[in-house]
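Positions 8 to 109 (this note's numbering) are the ones given, in order, by the sequence shown.
All C-beta atoms in this analysis are idealised placements derived from N, C-alpha and C, irrespective of residue type, glycine included.
It should be emphasised that the depicted structure is a prediction, and the values quoted were computed from it without experimental measurement.
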Amino acid sequence: MIATRIMMPTFILFLVLILVFVFVFTPIFMPMFVLLMLLVFVPVFVFVLFMLLLFVFGLTFQFTRYSRYTLFSLMNGQIYWSRFSKLKCLPQCFHVKRLDIS
């Protein structure tokens, strides 16, 4: 019974604080949220799109004329593209190099 007497006013106070935050502080902080989106989320989104573009170009085109390495393998040195495999067998085309630790 004591827990109910404490929990109910606490829950009501929590709801009031949420309503105050939504209706009072949100219009004040909204320019900061927009600035955060412009400064953080947009560059991250552009960077992810650029990496995806590099990945697609790396899987479809050779980086140099006589090399089997592609743009994708430059980002991750452990994976290389097999020149003997076709694009339709994409999951089987990646081979992990064995590292000689000795």
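Within the continuous alpha helix (DSSP H) that includes Phe36, where are the two ends?
First-last of the alpha helix (DSSP H) with Phe36: Thr33 to Leu43.
Rounded C-alpha distance that separates Phe32 from Leu59
One Cα belongs to Phe32, the other to Leu59, and the distance between them is close to 38 Å.
Tell me the rounded alpha-carbon separation between Val27 and Phe36.
13 Å
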